[in-house]
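Chemist: Our numbering numbers the first residue of the sequence shown as 26 and each following residue consecutively. Yeah, the Cβ is synthetic: ideal placement off N, Cα and C, and Gly gets one too. Since the model is a prediction, treat every value here as computed from it, not as a measurement.
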Amino acid sequence: MGWFHKNKDKFYKFKSLQTYAWDRTINNNRKYRTVFDKQELNYLSVGLEFYNKLFDEKDWKAIVVFKAYKIDDDKKSTLLCEKEEEYTITKDLNIAVCDYGWGNDDYGSFWKKGTYCWDAYIDEKYITSTKFYIEDVGKVSTEENPYFGVVSAFTYETDDENDTPEKRLYLKQFMYKQIEYVFTEFKFISKVDHDWLCELFFNYYDDSGLLIGTSNTIEYITTSVNPNELQEVVCAWGSTDNTVWLRDNYRVEVVFMDTVVAKAKFSIGDDLISIFETIDDLVEPELDEEDPLLKEVVLAKPEEISAKIENRPLPEILEELNSLVGLQQIKNKIKEYIDYVTYLQLRKNKGIEDDDEINLHSVFTGNPGTGKTTVVKLLGEIYKAMGLLSKGHVLTVESNDLITGYVRQTGENTKEIIEKARGGILFIDEAYMLFKDGAPNDFGPEAIAALITEMSDGIGDIAIMVAGYPKEMERFMASNPGLKSRFRNYYHFKDYSPNELTAIAMYAAHKKEVVLSEAAISKLSKIITNAFRDRDHTFGNARLINALIDEAKMNLGIRLVRTQQKSKLTKEVLSTIQEEDIEDVSEIINTNSLKLPIDTALLSEAVNELNNLIGLTHIKQEVEELIKLTKYYKEINRDVLKAFSMHSIFLGNPGTGKTTVARIIGKIYKALGLLERGHVVEVDGSSLIAGYVGQTSLKTKELIKKAMGGVLFIDEAYAITEGTATNSANNFGKKAIAALIKEMEDHRGKFSVIVAGYTQNMKGFIKSNPGLKSRFDKTFHFNDFTENEMWEITKVMLHQKQLKTTNDAELHLKKYINVLYTHRSPYFGNARSIRKIVEKTVRNQELRMANLTKKQRTNQMISTVEIDDVIEFNSDKIEENKSVRIGYKSNS
C-alpha cells in the first residue's frame with residue numbers, strides 16, 4: 026500500500042474535464058467538443074485530465090467518480106449515471122487521463138435534445154463540472170449538412186479591438202513580421218427552423234499539412250424570427266510576439282460536428298494581397314429567398330460548392346494549355362491522349378466494342394515549380410468537357426493526409442478522400458512518402474492498397490494522379506506490383522530552360538501590373554542562367570522566378586518611396602522595375618555565411634580541442650579534410666553550401682564522444698564563417714514531439730529557431746520514428762520529421778543538424794523518410810574506445826579531480842577495464858562507463874579520507890587512490906555473469 030496518502034490531492038493538479046464522442050477516438054486522440062447531435066451519438070464520453078505530481082517518482086492509486094446529469098428547463102438536475110473506478114497512476118505518466126462513456130449501442134436512441142452536465146470526483150473530493158449540449162437536427166457528414174449552407178469563408182486582418190466588417194482588410198496574403206492574428210470570417214445561412222447552438226473549430230495548417238493552431242467558439246443561432254438571415258462567426262489565431270507566422274502557405278479549415286465545412290487558403294509574404302480585386306466586390310448581395318443563387322448555396326453540399334468548375338468548351342481549355350510557357354512534350358502527350366480517347370469514343374458510338382479501357386490515372390514526375398499543379402487543374406476541365414468526369418474538380422492532398430497512426434484506419438481514411446474526389450481528380454503530391462522501405466509501424470501500404478482497389482474495381486468517375494521527384498517516384502511505383510499496371514499515363518515535367526524561365530518572369534510581372542526595363546531584363550536573364558546551371562533536384566523553376574519578381578516589385582516600391590517625391594511619380598515610373606531592383610534570391614540565401622571571414626584564432630582553438638581528445642582518429646581526419654576543403658572553396662570563390670550542407674549523421678555507442686565532437690564542430694563552423702553563432706542546442710528525439718495534435722510541428726520549429734545560426738544536435742534521433750519518445754505516437758513522429766525536413770530545406774545554410782544514435786537504430790531512422798538521406802551528406806562513425814584508450818580516459822578524469830593511483834590500484838582498474846572491454850555488449854557505454862567508475866572511485870577515496878582525523882591525513886594521501894578505493898570493481902563477477910551492468914556494484 027505504498028501508494029496511500031491521506032492528503033492525496035497533493036499528488037495531482039487539475040488540467041481539464043471535457044466531453045467527446047466515444048467512437049471518434051484514434052490513437053488516444055480525443056476530439057473534445059461541447060455540442061453534439063443525437064443522431065451521431067451512441068456513447069458520449071468524458072475525459073478527466075490532471076498533472077501527475079509524482080511523475081518519475083512512484084505509482085499511486087485514485088478512486089475516480091463520474092456523474093452525469095440532465096438539466097431540465099427549470100434548472101433541476103436528473104442523475105443519469107454514476108461510475109466509480111480505481112485507477113493506477115503510474116510514474117511514467119506526466120499527464121493522467123481517466124475517462125468514461127455512457128449511452129447504448131444504438132446511434133440516436135439514448136441521448137435527447139437538451140443540456141447536460143458531467144461531475145468529476147477524486148477520492149470523494151469534488152473536482153469540477155462541465156456542461157455539454159445535444160441538438161436534434163440530423164447527422165452532419167461530407168455528403169449532407171442539415172444545419173446550414175455555407176456562403177463564404179474569408180481571412181482578414183484588423184488592428185481594431187471593436188472589429189466590424191467595415192474595418193476589415195480581407196487578404197489572401199499577409200505581411201511577414203507585421204501580422205499577429207489571422208482572423209477568419211465564416212458566413213452561412215441556417216436551414217434549421219428553431220434556435221440552436223453552433224460550435225465551430227477553426228484549424229490553421231501550414232504548407233506541410235501540419236496543424237499549428239486551433240480556436241473555437243460556440244454561438245447561439247437565432248433563426249425563428251428570420252430564417253434566411255445571414256449568420257456570421259469570426260475566430261482568430263496567432264500571437265502578439267510576431268513569432269508564429271513564417272513566410273509560408275497556410276489554410277484554415279472550419280470544422281462543424283467533426284466535419285470540415287469550409288476552407289480558406291492564405292499565405293504570409295512580403296506584400297499585402299487583397300482577396301478582392303475592387304471595393305465593389307466587398308458589397309454583400311441582398312439575399313432574397315427566391316434568389317436561385319441563394320437556393321443553390323443553401324441546398325448545396327460543401328464539396329459541391331468547392332468543386333464547382335466552370336463549363337468551358339474543349340478548344341478554349343486547350344488554348345489555355347497551349348498558352349503555357351514551355352511544357353511542349355507534356356502538351357503533345359495530352360493532345361495525343363485526347364485524340365486517342367476521341368477515337369475510342371467514335372468507335373463506341375458506331376457500335377464497335379474495344380477491349381481498350383479509358384484510363385485517366387497518371388504519374389507526374391519533375392522538380393518543384395515545373396507546372397504540375399497547373400496542368401492537373403486543366404486536365405480536370407478537359408476530362409469534364411469530354412464527358413470523362415462528371416465534375417472535373419481537383420482535390421489536392423499529400424501523403425500525410427491519407428495516413429493515420431491507427432491500424433486499418435488509413436485504408437478507411439483513404440477511401441473517404443477518394444469519395445470526396447469522386448467526379449474529379451485526386452491529386453497526391455509527394456506520393457512517394459506513402460512508401461518508406463523498412464520503416465516501422467508504417468501505414469502507407471494500407472493507403473496504396475486502397476488506391477489500387479479503387480483503380481481496379483472502383484465505381485469510376487475519378488482520375489487518380491500522383492506526383493513527386495523522378496527517383497523517389499520510381500521507387501514508389503516499384504513498391505507494389507499493382508501500381509504500374511494501374512497507372513497508364515506518365516508525364517515527366519522537365520526543368521524550364523533559361524529562355525522559358527525569362528518568359529515566365531515577364532508573365533509574372535504582367536500579372537503584378539509591372540514591367541521590366543531592358544537593363545532589368547538583361548540582369549534577370551543572367552541570374553536565371555546562372556541559377557539554371559547550378560541547379561539540383563530542389564531547383565525551384567517557376568517558384569524561383571515568382572520569388573525574384575516579388576522581391577523586385579518590393580524593392581521598386583521601397584526605392585521610389587525613399588528617393589522620389591510622391592507628387593512626381595508617374596504611372597510609368599511606379600510600374601517599371603529597373604536593374605537595381607532585381608536581386609538574386611539565391612545570393613541572398615547564401616550571403617550570411619559566405620561573407621563571414623575565417624576566425625583563425627577560434628579555428629585553432631577548436632582544432633586543438635578536437636586533437637586533445639583521446640582516440641577518434643578517423644573523426645579527426647574527416648574534420649581536418651572538411652576544414653581544408655572549406656578553405657579551398659573560399660579561396661576560389663566556390664559556393665561552400667553547394668558542396669556540402671553541414672547536416673551530419675553521428676553513428677556509435679554511448680560515450681564515444683558524439684556530443685563533445687558536435688560542440689567542437691559548432692565552433693569550427695563558426696570559425697570557418699559557415700555559421701554566425703556556432704552554438705549547439707542539445708536535445709533528444711522526444712524533444713521534437715508533442716503529445717497532442719498540431720503542436721509537434723510548432724515544437725520542432727521552435728527548437729530550430731533556437732538553433733538558427735548554430736547546430737541542432739539530436740541525440741537518440743531514432744526515438745522520433747520508433748515511437749519510443751514520451752507521449753509520441755508514430756504519426757506524431759512522422760510530422761516531426763516532415764517539419765524538420767522542410768525547415769532544413771527552407772533555411773539551408775543557416776543552421777546545421779546533427780543526428781546521433783546507435784548504428785542499427787539510425788539506419789531505420791534514415792529509411793523512415795525518403796527525404797532524410799538526401800539532406801545528410803556526411804556520416805561520422807564513432808567506434809568503441811579500445812581498452813588502452815579507456816585507461817587514458819580514466820587517467821584524464823582522475824587528473825581532473827587531482828588524483829593519481831598507486832601501482833596496485835592502477836593494475837586492478839586496468840584489469841577491470843580489460844574485462845569490461847572484452848565482454849562489452851552492443852550498447853557498451855564507453856566513456857560513460859568510465860565516468861561512472863571514476864565517480865565511484867572518487868567517492869570511495871573521499872569517504873576513506875573522511876574517516877580519518879585531520880592529523881592523520883597528508884597531502885599525498887588526499888591526492889592518491891588506493892587499492893581499497895577500487896576493490897569493489899570485481900572482474901571475476903563480470904566473467905561469471907556477463908549481464909552485470911557495466912560500472913555498477915553488484916549487491917549479490
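1) Counting Cβ pairs, one atom from each stretch, are 3 or more of them under 8 Å apart for the segment 254-263 and the segment 209-219?
2) State the beta-bridge partners of Met490 as determined by DSSP.
3) Excluding sequence positions up to five away, which residues of its chain have a Cβ less than 6 Å from the Cβ of His535?
4) Helix or strand or just coil, what does DSSP make of Phe557?
5) Tell me which same chain residues have a C-beta within less than 6 Å of the C-beta of Cys106, skipping the five on either side of it?
6) How would you write the range of the beta strand (DSSP E) that Ile779 sits in, first residue to last?
7) Between Val87 and Pro171, what straight-line distance do the alpha-carbon atoms span, to the nearest angstrom?
8) Count Cβ pairs between the segment 119-135 and the segment 70-89 that sit closer than 8 Å; are there 3 or more?
9) What do you get for Pro495, buried or exposed, if any count of 16 or more other CB atoms within 10 angstroms of its CB means buried?
10) So is Lys840 buried or exposed if we call it buried at 16+ other beta carbons inside 10 Å?
11) So for Asn67, helix, strand or coil by DSSP?
12) Alpha carbon to alpha carbon, how far is Thr395 from Ser348? Give it in angstroms, no decimals.
13) Tell me which same chain residues have a C-beta within less than 8 Å of the C-beta of Pro393, skipping the five on either side of it?
14) Among Asp97, Gln870 and Met458, which has the Cα closest to the Cα of Leu823?
15) In chain order, what residues of the same chain have a beta carbon less than 6 Å from the beta carbon of Asn505, not counting five sequence neighbours either side?
16) Across the segment 193-208 and the segment 134-149, are there enough close Cβ pairs to call them in contact, namely three or more that are closer than 8 Å?
17) Could you give the C-beta distance for Asn794 and Ile766, rounded to a whole number, given that I count them as a contact under 8 Å?
18) Going by the CB atoms, is the gap between Phe281 and Thr180 shorter than 7 Å?
19) From Ser711 to Tyr743, what distance separates their C-alpha atoms?
20) Would you tell me roughly how many angstroms separate the C-alpha atoms of Ser166 and Ser240, rounded to the nearest one?
21) Take the Cβ of Ala754 as the centre, count every other Cβ of all protein chains shown within 10 Å, and call the residue buried at 16 or more, exposed below.
22) With Val89 and Ile147 assumed to form a contact (beta carbons below 8 Å), what rounded beta-carbon distance in angstroms separates them?
23) Using 6 Å as the cut-off, classify the Cβ of Trp270 as near or not near the heavy atoms of the ligand ATP, replying yes or no.
24) Could you give the distance in angstroms between the alpha-carbon of Leu728 and the alpha-carbon of Thr878?
25) Taking 6 Å as the limit between beta carbons, can you name the residues of its chain near Leu339, skipping five residues before and five after?
26) I'd like to check one pair, Ala763 with Ile675: are the Cβ atoms closer than 7 Å?
27) For Trp270, which of helix, strand or coil comes out of DSSP?
28) Determine the burial state of Tyr229: buried for a count of at least 16 other Cβ atoms within 10 Å of its Cβ, exposed for fewer.
29) Looking at the secondary structure, which residues open and close the alpha helix (DSSP H) in which Thr685 lies?
30) Does DSSP put Thr167 in a helix, a strand or coil?
31) Using DSSP with H/G/I as helix, E/B as strand and the rest coil, what is Trp136?
32) Taking the CB atoms as reference points, tell me whether Thr830 and Val890 lie closer together than 7 Å.
33) Return the residue from the list Glu168, Gln370, Val207 and Ser233 that minimises the CA-CA distance to Val286.
34) Return the chain-ordered list of same chain residues with a C-beta closer than 7 Å to the C-beta of Glu538, the five sequence neighbours on each side being excluded.
35) Just grab the DSSP bridge partners of Val422 for me.
36) Using only the alpha-carbon positions, how far apart do Trp47 and Ile243 sit?
Modeler: So, from the listed chains and residues:
1) The answer is yes - the segment 209-219 touches the segment 254-263, with three or more Cβ pairs under 8 Å.
2) Mapped onto the sequence shown, residue 490 falls at position 465. Its beta-bridge partners are Ser387 and Phe452.
3) By 1-based counting over the sequence shown, the position of residue 535 is 510. Hits under 6 Å: none found.
4) Residue 557 sits at position 532 when you count from the first residue of the sequence shown. Helix.
5) On the sequence shown, residue 106 is found 81 positions in, with the first residue counted as 1. Within the same chain, Cys106 has close Cβ partners Ala93 and Trp127.
6) Here the question's residue 779 lines up with position 754 in the sequence shown. Looking at the DSSP string, the run of the beta strand (DSSP E) that includes Ile779 is Ser777 to Gly782.
7) Walking along the sequence shown from the start, residue 87 turns up at place 62. Walking along the sequence shown from the start, residue 171 turns up at place 146. In the sequence on display, residue 87 carries Ala and not Val. C-alpha separation (whole angstroms): 43 Å.
8) Using a C-beta cut-off of 8 Å, the segment 119-135 makes contact with the segment 70-89, since at least three inter-stretch Cβ pairs fall below that distance.
9) Mapped onto the sequence shown, residue 495 falls at position 470. It is exposed - the Cβ of Pro495 has fewer than 16 other Cβ atoms within 10 Å.
10) Here residue 840 refers to the residue found at position 815 when the sequence shown is read from its first residue. Lys840 is exposed by the Cβ-count criterion.
11) Counting from one through the sequence shown, the residue named residue 67 turns up at place 42. Correct three-state label for Asn67: coil.
12) What you label residue 348 is simply residue 323 of the sequence shown in a count that begins at 1. What you label residue 395 is simply residue 370 of the sequence shown in a count that begins at 1. Answer to the nearest angstrom: the Cα atoms are 15 Å apart.
13) Here residue 393 corresponds to residue number 368 of the sequence shown, with the count starting at 1. Once the five neighbours on either side are set aside, the close Cβ partners of Pro393 are Thr563, Phe564, Gly565, Asn566 and Arg568.
14) As a first step, residue 823 is located in the sequence shown; it is residue number 798 there, counting from the start. Per the Cα distances, Gln870.
15) Against the sequence shown, residue 505 aligns to sequence position 480. So the list reads Ile473, once near-sequence residues are dropped.
16) no
17) For the purposes of this step, residue 794 is taken as the residue at position 769 of the sequence shown. For the purposes of this step, residue 766 is taken as the residue at position 741 of the sequence shown. In this structure Asn794 touches Ile766 by the C-beta definition: roughly 7 Å separates them, less than 8 Å.
18) Along the sequence shown, one-based indexing puts residue 180 at 155. Along the sequence shown, one-based indexing puts residue 281 at 256. No. Outside cutoff.
19) The residue given as residue 711 occupies position 686 in the sequence shown. The residue given as residue 743 occupies position 718 in the sequence shown. If I take the Cα positions, the gap works out to 9 Å.
20) Mapped onto the sequence shown, residue 166 falls at position 141. Mapped onto the sequence shown, residue 240 falls at position 215. Rounded to the nearest angstrom, the two C-alpha atoms are 21 Å apart.
21) Within the sequence shown, residue 754 is the residue found at index 729, counting from 1. Because the pLDDT at Ala754 is just 45, under 50, the model does not fix this residue reliably, and the value given afterwards should be weighed accordingly. So Ala754 counts as buried.
22) Taking the sequence shown and counting its residues from 1, the one referred to as residue 89 is at position 64. Taking the sequence shown and counting its residues from 1, the one referred to as residue 147 is at position 122. Indeed, because the Cβ distance is near 6 Å, the residues count as touching under 8 Å.
23) Questions concerning the ligand ATP fall outside what the structure shown contains, since it holds no ligand whatsoever.
24) The residue given as residue 728 occupies position 703 in the sequence shown. The residue given as residue 878 occupies position 853 in the sequence shown. Leu728 and Thr878: Cα-Cα distance of roughly 52 Å.
25) For this step, residue 339 is matched to residue 314 along the sequence shown. Same-chain partners within the cutoff: Ala410.
26) In the sequence shown, the residue the question calls residue 675 occupies position 650. In the sequence shown, the residue the question calls residue 763 occupies position 738. Here residue 675 is Phe; the residue named in the question, Ile, does not match the sequence. No, these two residues do not count as a Cβ contact at 7 Å.
27) By 1-based counting over the sequence shown, the position of residue 270 is 245. Residue state, collapsed to three classes: coil.
28) In the sequence shown, counting from the first residue as 1, residue 229 sits at position 204. So Tyr229 ends up on the buried side.
29) Here residue 685 corresponds to residue number 660 of the sequence shown, with the count starting at 1. Taken as a continuous stretch (DSSP letters only), the alpha helix (DSSP H) holding Thr685 covers Lys683 to Ala696.
30) Within the sequence shown, numbered from 1, the residue matching residue 167 stands at position 142. Thr167: coil per DSSP, three-state reduction.
31) Here residue 136 refers to the residue found at position 111 of the sequence shown. Here Trp136 sits in coil by DSSP.
32) Locating residue 830 in the sequence shown gives position 805, counting from the first residue. Locating residue 890 in the sequence shown gives position 865, counting from the first residue. In this structure, Val890 lies closer than 7 Å to Thr830 by Cβ.
33) On the sequence shown, position 261 is the one that residue 286 refers to. With distances taken between Cα atoms, Val286 lies closest to Glu168.
34) Here residue 538 refers to the residue found at position 513 of the sequence shown. Closer than 7 Å at the Cβ level, and outside the excluded window around Glu538, lie Ser600.
35) Counting from 1 along the sequence shown, the entry for residue 422 is found at position 397. Val422 is bridged to Ile453.
36) Walking along the sequence shown from the start, residue 47 turns up at place 22. Walking along the sequence shown from the start, residue 243 turns up at place 218. The C-alpha of Ile243 is placed about 21 Å away from the C-alpha of Trp47.
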